[in-house]
Amino acid sequence: MLGVAGRASALTTTGGPVYTLPGGGSCALSGTAASASTGGTWTCTGVNTSAHTHVYFGMRVDTNANGNTMTGATPSGGSVFSTVTGTTATSITYDGSTTTVADQVNGTQTVTNQLVLTTNSGSVVATGGNPPGNSNGVIGDLFSLPTGQSSLSFTVTGKINASAPTFALQAALTAYDSTHTPASGASDFSKVDLAFYYSDCGDGVVDSPESCDDGANNGTAGSCCTTTCTFKTSGTACTDDGNVCTTDLCNGSSSVCQHAPGNSGTTCRGAVNECDLAEACTGSSSTCPADVVKTAGTACTDDGNVCTTDQCNGSASPLCVHNPGNAGTTCRATAGGCDAAETCTGSSSTCPNDAFQPSTFTCRSAVNECDLAENCPGNSAACPADTVKSAGTACTDDGNACTTDQCNGSVASPLCVHNPGNAGSTCRSAAGICDVAETCTGSSSTCPADAFKSSTTLCRASVGECDLDEFCPGNSASCPTDAKKANGTACTDDGNPCTADQCNGTADACQHPAGNAGATCRASAGACDVAETCTGTSSTCPADAFQSSTTVCRPSVDDCDLDDFCTGSSATCPADAKEANGTACTDDGNACTTDTCDGTSDACQHAAGNAGTVCRAAAGACDVDETCTGTSSTCPTDMFEPSFVVCRASTGECDPAEMCPGTGPSCPADAKSPSGTACGDDGNVCTTDLCDGTNSACQHAAGNAGTVCRAGSSDACDPDEVCTGASSTCPPDVFLPIGVICRPAAGECDIAEGCGGLPGQACGPDTKKASGSLCTDDGNPCTSDTCNGTSDFCQHA
């Protein structure tokens, strides 16, 4: 599309004016611009715009007020351009505030100026100049040409009228010709220009409409300008400045690579040794943080001396130093029970001299209560000989009253021994009222067997009419559990008919619990009154009560009549009540009636209603439900599904779907694909894979007689198996057994080959007897009569 360049200050272009566009394109003038109705026409053909970013055609001028100066150089300062884009004719407004201009030859003139751009089809694309009231001023019309065209054609018509026919602008346009030579005359025509202007991406100049242009650097890592002269997207990586604490990214608004602070956490200075620290970028500064070291006292590599501290020095020259320290740390272990361990002093890196334990130091502890502890001599590393307590020294009681509990006096094995003794001492106290105490014999450490009182001994007497006497069992220390008469045993009657008068199996006294549930204790006084009976849980007769409010006192007589119930507080039956208006009642079998009570009648009412309720269910796959209208008790006429509705889906590849007939409720009979129709292969070469005309599923009957179903060895050792046509199973693999000759010997120097005896194994390669093997003598003593390893026959060389 052709348009008119925009009226904007200081449009920048790479080249122009040129009369022939690089790559092709030139213009020729016909007619003149002397008449506003006719004008001069510049016809431009073969215009190749594909080599440039943007291409314009027209006049470029500066702000000279009288319009006589139209420079061909790139304008600057307040230069302006007219632009209109679109496919409809559009007027271009010229600068200027009056309708007259001063001409150096003809004085003040009234001027009308116009440029019209027309495509070869004849439609006006853009018009410049000559709108009413805007007839003077600087001519500066640049028509914007579409880029990417290899051979563009267009025409430009120029028209100028003035009150004096020799007005400079009129004369200038009239005189403009194909040689671009202005006509002679009194006026200055040298700066009239009508030509091409263009801008190129990659020439290093930021032209309209480019955002940037770094020339040959466009699109490289060192530039943030793309090969199409637009800024690279913000965040695009560009050339590294060598600083790990900068991000090296384009910002989307400049062609210069930005090196903003970033990369937080990235190491920018490594540690020089174990007492130094690595520094990392902060992300907010492009400078690596100041060098820091580990604090003085930080642990570092051990030098193997327990009396040195092995710590960083914390200085600007970080080192691991090994100063005296670790006071109290063992630096020489003990060499015997009475030797003392030496520890670091903390002020020297040397371990102190060896020393012994003092005489107050226990070097051998007592192993038990019959042993004695030994102390060091104070001048030797060895512990004195072991000593024990004398025999007969009392020791820990073993808890057995029939043993003596004394040390044995043995040095080798000092022990507290527990021999029999203490005759007459009680060794088992009586454990209960039916037990007797036992005493030690003095000759045995075992207490005599436990004995008990006889079974005739009374140990607990009865304390009430429901209690029993207990006697010792004769074989236990305890008196039997206190027994009572069995629960339910009759005892003294208290005269209350609502009590049971029984022993309860746990109490000594006769119990009178509530009982006799159901016994009448107060008779009924009327129809809605109830007789009171013992509850069985209380010894008191219940309070007088009426029949409950759930008791029916007048039964219902029809669908919409209600049962009447006692009030629970009166003996009189309430007034006769009906079901509420709208209550559902017995269905009359008609889906289009409401079947509800009316609140006054005993009988159910059946008015028309139930709009939308199904009144005739679909009678088949091709039938549809009919629903009540809500205004009639009659169900609507029966309707059916249309003929495009599927009524029976396919159940297999040999079963096509059936469609409704559109005139009845039933789905057509289920039809199958004709017998012999090909269907899905089951992967078995011995089946036919055909529809049979009756089944939905593809049938895989035996067939394909003669088709190879198992390849053999391609020789007699294992022939191919083929389908029989009567079975879907490939015949069993048949092959010759091992040793069966498959290639007989062809001569006495040839060896017969046999089958390998395995499926698929072919006859072995033809082999000969080894070279030099003896064979039939030809009777000539001067020949060797041997096989040569390659021939079937005996050689007589």
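Under the numbering used here, the residue at position 717 of the sequence shown is numbered 719, and the numbers go up by one with no gaps. Glycine is no exception: its CB is placed at the ideal position from the N, C-alpha and C atoms. If you're wondering where the values come from, they're calculated on a predicted model, not measured in any experiment.
| Check | Outcome |
| --- | --- |
| Nonlocal neighbours in the same chain, by C-beta distance under 6 angstroms from S287, ignoring five residues either side | P263 |
| N- and C-terminal bounds of the beta strand (DSSP E) containing I743 | I743 to R745 |
| Cutoff 7 angstroms; reference C493; Cβ partners in own chain excluding five residues on either side | E467, C468, D503, Q504, C505 and C512 |
| Nearest-angstrom Cα separation, counted from C29 out to A35 | At A35 the pLDDT is 45, less than 50, meaning the model places this residue with poor confidence; the figure from the coordinates comes in the next sentence. Rounded to whole angstroms, A35 to C29 spans 16 angstroms at the Cα level. |
| Sub-9 angstroms separation of A529 and A573 beta-carbons | yes |
| C252 versus T230 - alpha carbon distance | 16 angstroms |
| L460: first and last residue of the uninterrupted beta strand (DSSP E) it sits in | L460 to R462 |
| Bridge-paired residues (DSSP) for K580 | D563 |
| Which of helix, strand or coil DSSP assigns to N377 | strand |
| Other residues of its chain near C789: CB distance less than 6 angstroms, five sequence neighbours each side excluded | C751, K771, S775 and C777 |
| Beta-carbon proximity check, D578 vs D563, cutoff 9 angstroms | yes |
| Coarse secondary structure for A218, derived from DSSP in three states | helix |
| C-alpha gap between L175 and T47, whole angstroms | Confidence is the limiting factor: at L175 the pLDDT is only 39, short of 50, which leaves the residue's position unreliable, though a coordinate-based value still follows. Rounded to the nearest angstrom, the two C-alpha atoms are 20 angstroms apart. |
| N- and C-terminal bounds of the beta strand (DSSP E) containing V554 | V554 to R556 |
| Own chain residues within Cβ distance below 6 angstroms of V323, not counting five before or after | N315 |
| Euclidean distance between Cα positions of T553 and A623 | 53 angstroms |
| Cβ pair S480, C436 closer than 9 angstroms | yes |
| Cut-off 7 angstroms between Cβ atoms - residues of its own chain near A301, not counting five sequence neighbours on either side | D312 and Q313 |
| Start-to-end residues for the beta strand (DSSP E) that takes in T364 | T364 to R366 |
| Span separating the alpha-carbon of D597 from that of A586 | 6 angstroms |
| Top-ranked residue by Cα proximity to P544, from D565, A519 and C555 | A519 |
| C-alpha gap between D779 and A748, whole angstroms | 18 angstroms |
| Same chain, Cβ closer than 6 angstroms to D627, neighbours up to 5 away in sequence not counted | V616, A619 and A620 |
| Helix, strand or coil at P739 according to DSSP, with G and I counted as helix | coil |
| Among A671, C765, F358 and S350, the one whose alpha carbon lies nearest that of P739 | C765 |
| Cβ-based neighbour list, T588, same chain, cut-off 6 angstroms, excluding 5 preceding and 5 following | D561 and C606 |
| Best match in G705, C757 and S729 for proximity to G714 [C-alpha to C-alpha] | C757 |
| Own chain, CB closer than 8 angstroms to S793, minus 5 neighbours either side, in chain order | G749, C751 and K770 |
| DSSP-derived helix/strand/coil call for A128 | Note that A128 scores 42 on pLDDT, short of 50, meaning its location in the model is unreliable; the coordinates nonetheless yield the value given after this. In this structure, A128 counts as strand in the three-state DSSP scheme. |
| DSSP-derived helix/strand/coil call for L692 | strand |
| Presumed contact (8 angstroms Cβ cut-off) between S698 and C649, rounded CB distance | Their Cβ separation, rounded to whole angstroms, is 16 angstroms, which puts S698 and C649 out of contact at 8 angstroms. |
| N- and C-terminal bounds of the beta strand (DSSP E) containing C333 | T332 to R334 |
| Delimiting residues of the beta strand (DSSP E) encompassing T269 | T269 to R271 |
| Pick from N325, A799 and C681 that is closest to T352, judged by C-alpha positions | N325 |
| Spatial distance of S445 from T405 (CA atoms) | 10 angstroms |
| Short Cβ contact (9 angstroms threshold) for C340 with A383 | yes |
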